[in-house]
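Structure, as C-alpha cells:
In my numbering, the protein residues as written are 14 to 334.
So, in C-alpha cells, the structure goes:
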C-alpha cells in the first residue's frame, strides 16, 4: 500500500486551538470481518492488533473526568475485541454515552448472534456504516453480499427498538462517497436514505452522517495508483470553508489507538501523528491523561485536514455546517 504522508506533511492549513476534551474515541483494534476500500484504518480479518485489558483500565480512569460525556468505540469491528462486552458493562458506572461504530454485518457473524441484543440491553447508541442505499455501490465498496447482510442487520436492530421515533435506542447511518468527490448535502441525502429504506424494506433510523473520504491509508493509496491524488487534494483545498474551523472534531475529542497512545483524531492516528507529552516530548499515552493539561498541547495538522473543512465539513459526527 502506497503511503501518502510525504505528500501531506508540508501544509498551509490554519492553526487549530484545542478546547476541553469531551469525547473519548477509542480504537479497540484493527481486526474486522470486512476489508473496505474507504477504511482509513486499513482494518481486515487478518489484523492482529487488539487493545489489552491494561489499556482499557487506563481509559476507564479517564472516564472519571467530569468533562468526558461520550465513549465512542471504533475499530476495525470493535465488537471483535474479546473485552468489548466487559468494557461496555463497566462503562455503565460512568455518566457517559456509549457509541458503537458498527459495520452491521458483524451482527450476523458466527459467535456474534447475541451482539445486537447485548447492545440494546446496555443502551448502546449505534453509528453504522452504510455508504450508500443502493446495493451495487455498497457491494462495490465493501464486498459482495455486504449490502443484503447490512439490510438484514438493520431489520434486527429495528425489531429491538433501534431507530424508533421517541425511543431511547438511536441508530445513525454513515455515508461515504464511493469515489474521489465530496459528499452531497447531508440533509437532502438523509431524506433520500429514509425514503428508500422505508419504502423498500420498512427500515427506520434516526439520522445520517456524511463523512468525506480522507486521502490516507487504502483510499489515499488508491488515489496514488490511479493518478488522482493531486486532483482530489485540489478539490479539498478549493472547497475549503473557514466556517468549518469552528467545529472541527479535534477540538473537543481525543482519539486513542489500540496501544493506548493518544491522537487529535483517528485520521492523525493512521498517520502516526501522536499527541506529544509536554513533560518529555514522547508520544502521550492514555495513562498520562489525568496528569496532563491538554489545553496547552497544540493540535497537529497536515494537508489531510482539508478533508474536514471542505464543503459542508466532515467529522465522526457527520457534516459540520
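The beta-carbon is built from N, C-alpha and C at its ideal position, and this holds for glycine as well. Since this is a predicted model, take the numbers as computed values, not measurements.
Here DSSP, grouped into helix, strand and coil, assigns residue 274 to strand. In terms of Cα proximity to residue 139, the closest of 222, 281, 21 is 222. In the displayed model, residue 168 falls within a helix according to three-state DSSP. At a Cβ-Cβ threshold of 8 angstroms, residue 312 and residue 263 count as neighbours.
Leaving aside the five residues that flank residue 66 on each side, the residues in its chain whose CB is nearer than 8 angstroms to its CB run, in chain order, 96.
In the structure shown, the three-state DSSP call for residue 296 is strand. With 16 or more other Cβ atoms inside 10 Å of its own Cβ, residue 268 counts as buried. Contact between the stretch 96-110 and the stretch 66-77 is present: three or more C-beta pairs spanning the two stretches fall below 8 angstroms.
Taking 8 angstroms as the cut-off, the beta carbon of residue 323 is found no closer than this to the beta carbon of residue 191. Here residue 172 is exposed. Its C-beta has fewer than 16 other C-beta atoms within 10 Å.
DSSP, reduced to helix, strand and coil, places residue 133 within a helical segment of the structure shown. Counted as a single uninterrupted DSSP element, the beta strand (DSSP E) harbouring residue 267 occupies residues 266-269.
A straight-line Cα-Cα distance of about 34 angstroms links residue 333 and residue 125.
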